[in-house]
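Number of protein chains: 2
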Amino acid sequence: MNLMLENKYTRDNLADVLRGHGINPTHQRIEIAHAIFSRGEHLSADQILALVNDRAAETSKATVYNTLNLFLKTRLIREVIVDPSKVFYDPNTEAHHHFYNLDTGALTDIDARDIRVTGLPALPRGMATEGVDIIVRVRTRAA
Amino acid sequence: MNLMLENKYTRDNLADVLRGHGINPTHQRIEIAHAIFSRGEHLSADQILALVNDRAAETSKATVYNTLNLFLKTRLIREVIVDPSKVFYDPNTEAHHHFYNLDTGALTDIDARDIRVTGLPALPRGMATEGVDIIVRVRTRAA
DNA sequence: CTTCAGGTTAGACAGAGTCCAAACGTTGGT
DNA sequence: ACCAACGTTTGGACTCTGTCTAACCTGAAG
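Residue numbers (my numbering), protein chains in the order written: chain A, 10 to 152; chain B, 10 to 152.
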């Protein structure tokens, strides 16, 4: 199956994905999408900025933020709020939760398929659930 | 029972609480503790700064941050990370989770007693759980 | 060609939080 | 009463993330 995956995130395919979400696939947007999707990791805005400008300075900070917010609004990516100092952007929009390693900062996915949460109280009147996030904070144990 | 509670958060009682956590109860620390505990709400650092300096400017920004971090380290309070732009400080250190209203910013507690989460994968080797946070993001439904 | 809308940009700006060296205030010892 | 020493507080400078603005490109349509 690696054969099937190896070309999944070509610039061409990403352009189609963007169009599918109603986004005009510009050069910068494709590069940003490529940075996020091709490694499937949780990246912060400045990591993305650094990746995109790795070979040559091509994309400004403003564009990175504009684009990330555009991707968020069109639900192409999600944001993960676990670190008080910065937001992580998550290419995985399937239902899932996170391990967050407080020592290393590493963020790893937990598939939501097997997870059941019982005992949540009813929502206050006039409220609608937008999502349930579970964050398991862990530490690298000494010894 | 209101009779029993009404004097719970006097300066004297708070000084004892601080001492009980190994904290030297200075004037500023007591005022900050008072601001947080007497209303039992989730406050941000700058709300606390404003409350403490309401009558007269007595406490600097640096001291508020120093003190909040000290309270965190001694587990007198907890931090709640739901808003990308600022941290909320939570006087409730009992096991509990949160509703977060994305429209109003209101943060309300969910008692953890009735909640069960099943299906969480085993922790990676050498990891210890520090805590599990569940955040239910809600919106005020239009109409 | 020109027009125009959408996209990009640099740099100024705003807000949260940290850092630092100086000043302050208690405490204990003499 | 004085001094030394320690812990605490402080203003202000600083860093960092993220937003805003006004100018500037670019490419499609007339």
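Note that beta-carbon positions come from the ideal geometry of N, C-alpha and C, so glycine has one too.
{"Check": "Same chain, Cβ closer than 8 Å to D112 (chain A), neighbours up to 5 away in sequence not counted", "Outcome": "R148 and T149"}
{"Check": "9 Å Cβ cutoff, K95 (chain A) in contact with chain B", "Outcome": "yes"}
{"Check": "Straight-line Cα distance separating F108 (chain A) from D92 (chain A)", "Outcome": "12 Å"}
{"Check": "Of the residues B:G128, B:L132, B:E40 and B:R134, the one placed nearest R122 (chain A), counting alpha carbons only", "Outcome": "B:G128"}
{"Check": "Cβ-based burial, A44 (chain B) [other Cβ within 10 Å; buried from 16]", "Outcome": "buried"}
{"Check": "Cβ-based neighbour list, L58 (chain B), same chain, cut-off 8 Å, excluding 5 preceding and 5 following", "Outcome": "T68, K70 and V73"}
{"Check": "Option in B:I143, B:H105, B:H30 and B:A66 with minimal Cα separation from T83 (chain B)", "Outcome": "B:H30"}
{"Check": "M10 (chain A) - DSSP class collapsed to helix/strand/coil", "Outcome": "Low local confidence applies: a pLDDT of 49 at M10 (chain A) is under 50, so the model's placement there is unreliable, with the coordinate-based value given in what follows. M10 (chain A): coil per DSSP, three-state reduction."}
{"Check": "Close Cβ partners of Q37 (chain A) (< 6 Å) along its chain, the five nearest in sequence each way excluded", "Outcome": "T68 and T72"}
{"Check": "Amino acids of chain B, ordered along the chain, whose beta-carbon sits closer than 8 Å to that of E139 (chain A)", "Outcome": "L111, R146, V147 and R148"}
{"Check": "Uninterrupted alpha helix (DSSP H) stretches inside the stretch 74-124 of chain A (no shorter than 4 residues)", "Outcome": "none"}
{"Check": "Alpha-carbon spacing of T76 (chain A) relative to N110 (chain B), whole angstroms", "Outcome": "25 Å"}
{"Check": "Straight-line gap, A65 (chain A) to T117 (chain A) (C-alpha atoms, nearest Å)", "Outcome": "30 Å"}
{"Check": "Closest residue to E88 (chain A) among A:V61, A:A131, A:V26 and A:A54 (Cα-Cα distance)", "Outcome": "A:A54"}
{"Check": "Boundaries (first-last residue) of the alpha helix (DSSP H) holding G29 (chain A)", "Outcome": "R20 to G29"}
{"Check": "Separation of A137 (chain B) from G114 (chain A), as counted between CA atoms", "Outcome": "14 Å"}
{"Check": "Of the listed residues B:H106, B:L60 and B:P100, nearest to V26 (chain B) (C-alpha basis)", "Outcome": "B:P100"}
{"Check": "Option in B:K95, B:A131 and B:F80 with minimal Cα separation from N33 (chain B)", "Outcome": "B:F80"}
{"Check": "Contact belief for V126 (chain B) with I144 (chain A) at Cβ below 8 Å, rounded distance in angstroms", "Outcome": "V126 (chain B) to I144 (chain A), Cβ: 12 Å. No contact."}
{"Check": "Which listed residue (B:I124, B:R134 and B:P133) has its alpha carbon closest to that of A131 (chain A)", "Outcome": "B:I124"}
{"Check": "CB contact flag (V61 (chain A), I41 (chain A), <9 Å)", "Outcome": "yes"}
{"Check": "Residue span of the alpha helix (DSSP H) that contains D55 (chain A), given as start and end", "Outcome": "A54 to V61"}
{"Check": "Contact set for K95 (chain A): own chain, Cβ-Cβ below 8 Å, skip 5 residues either direction", "Outcome": "S53, A54 and D55"}
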